[in-house]
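Okay, structure first, notes after.
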Amino acid sequence: MEVPVLIVGGGYAGLSAATMLAWRGVDVMLVERHASTSIQPKAFGVNTRAVELLRPVPGLEEELDRIWQGIGESMRIAIASSLADPAPEILFDTSTAPFPTHLSPAPDLGAPQAEVERVLRRKAEELGADLRFSTELVSLEQDDDGVTALIRADGVETTVRADYVIAADGYRSPIREALAIPTSGKGVLSHLYAIMFDADLSDLVNEREVTLWYLQNDTFTGVFVTGTGVGAHVLGVNHDGETTDFDAVELVRLGVGVPDLDVTVLDTTTFTTAHILADTYRAGRVFLAGDAAHTMPPTGGQGGSTALQDGCDIAWRLWLVISGQAGPSFLDSYDAERRPVGELIADAQLANLGFRMPPAERVDYPEPIEDPFAAILGCRYHSAAILSEPDDDGSLLEDPRVPTGRPGGRAPHVVLDWDGRTISTLDLFGSGFVLLAGPYGQSWVDAGRAVRDQLGVRLAPHRIGDELLDVEGTWLERYGVGKSGAVLVRPDGYIAWRSAGADLDPAGTLESALVRLISLL
């Protein structure tokens, strides 16, 4: 059996990669040892950047938004002894700190991972992805031409030959271990016993609001999530990793603060909180994604979204190479770009954990990011797939509220009118490269068409002021070019190159830039 891409792992990273590859017409097989997607709600929240990467798939954003609308649009984070605590310490409240919607048309979704995974699975299968649950990877060997994997389902073993493998097989990652990829980080931090239950908490909380409580009392420390959106609540209790004798009902009553609460336990499981960073995301034809690449504490809620972004990111890069639009060495840019960001987010989550711990336990922990929002929409990339400008400072973050349009940064949201329909610049991205030229940049548009045909690369050239009208008059400022300038945006919505003004040889300049970017030299 042969397939261009084999994905191992059916969580956020694996399912997002399968969905985005299938949408782009790449045959993909995913194997997952569990019988289905997650039953437990697990991670909560899909940040705006992850939604931006997923939204080009028709209908996907709407399905995700329906989950969020079904739960409620308010979320609080608090520290308390129990839900009955009369004076909880409020750490975060979306009603007082709303998301700045003027920066993106994509919402910030407070949806549980279990529901999001089901949507992604359904969408991937609709698009033709071959998803095989109750199927485990037995062995994997790679050579110069591909990867040979042995998989097992119902006791039957099958050999799969793939061009590339995405290892989305969790924080223990047997593939990472088999490839002897070194790791760093704090390692295992804690163990959590998770109880999914049903109970009437209406006297204490609004059950339709996703609300996170950090519990600190005389019996245990842990976390409580109310109104999970899967018909249940979840209590997570920290333990020593060896204890096995838990009284789930009594723990729930202590966490709620109601001794005689009527509790129905629906499911229990154990989780490990860790801070583990892979030293590389690529080993030959195998690419790490999600927890296999960066395991992080849940404090901050960005681990799931980072995994989703990994899957989307490696998918578009593999598509370019498999379709012949980019050279094989282009894939080196995945590690160069995603690993610094993964480490940044993981360290930020660790810092958040330290902030909620006693001072003596914070030794050697990193400092929190000064502007957490910059880590969501302001991450910058540096690699051979970005043509940085001479004065680039190499920073990993910039304030998305004040975009610069520099190569290596996310292409800013600008409201446009396209033949009477209001869209965002972000609606143009995802299917291939996009060349955006200023009002006097018709020569760039003509060059884009010529270069597209010559190189066989999917590229859509547009001129602001032609079919695209700058409704608010902000495009030039946000993209940092003049009226005769142009900007080249990659399929992931990141700026790869720009010219501040006109050029004597726009076709030659653009071709040279694109050839360097996609490793065709």
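Residues in the sequence shown are numbered consecutively from 299, following the working numbering.
Quick reminder that beta carbons are idealized off the backbone N, C-alpha and C, glycines included.
Gln752 counts as exposed, since fewer than 16 other C-beta atoms from the protein chains shown sit within 10 angstroms of its C-beta. One thing to note: Gly730 has its Cβ no nearer than 9 Å to the Cβ of Leu695. By the Cβ test, the segment 333-353 is not in contact with the segment 440-455, since fewer than three Cβ pairs between them sit closer than 8 Å. Going by DSSP, Pro804 is part of the alpha helix (DSSP H) stretching over Pro804 to Leu815. Two segments are said to touch when three or more pairs of C-beta atoms, one from each, lie closer than 8 Å; by this definition the segment 629-648 touches the segment 665-673. Non-local C-beta neighbours of Asp611 in its own chain, meaning closer than 7 Å and more than five positions away in sequence, comprise Tyr632, Arg636 and Asp790, ordered along the chain.
Going by beta carbons, Tyr777 and Ala683 fall outside the 9 Å limit. Leu552 and Asn515 do touch by the CB rule: their CB atoms are close to 7 Å apart, below 8 Å. The segment 785-805 and the segment 329-341 do not touch, with fewer than three beta-carbon pairs separated by less than 8 Å. Annotation note: the segment 316-368 contains the following uninterrupted alpha helix (DSSP H) runs of length 4 or greater, listed N- to C-terminal: 346-352. In the three-state reduction of the DSSP assignment, Thr433 falls in the coil class, being assigned neither a helical nor a strand state. Per DSSP, the unbroken alpha helix (DSSP H) holding Thr604 starts and ends at Gly601 to Ile620. Between Val414 and the set Arg374, Ala748, Leu815 and Asp363, the nearest pair of CA atoms involves Asp363. Within the same chain, and ignoring the five residues on either side of Ser797 in sequence, the residues whose Cβ sits closer than 6 Å to its Cβ are Gly783 and Ala784.
Counted as a single uninterrupted DSSP element, the beta strand (DSSP E) harbouring Gly485 occupies residues Thr481 to Asp496. About 7 Å separates the Cβ atoms of Leu304 and Val445, confirming a contact at the 8 Å cut-off. Secondary structure at Asp768: strand, using DSSP grouped into helix, strand and coil.
Taken through DSSP and simplified to helix, strand or coil, Glu540 comes out as coil. Put simply, the backbone Cα of Met594 is about 17 Å away from that of Ala465.
When rounded, the separation of the alpha-carbon atoms in Leu407 and Asp801 is 43 Å. Arg416: member of the alpha helix (DSSP H) spanning Gln411 to Glu424, first to last residue. Contact holds between the segment 589-603 and the segment 464-484, because three or more Cβ pairs, one in each stretch, are under 8 Å apart. Taken through DSSP and simplified to helix, strand or coil, Ile643 comes out as helix. Excluding five sequence positions before and after Thr568, the CB atoms of its chain that fall closer than 6 Å to its own CB belong to Tyr491, given in chain order.
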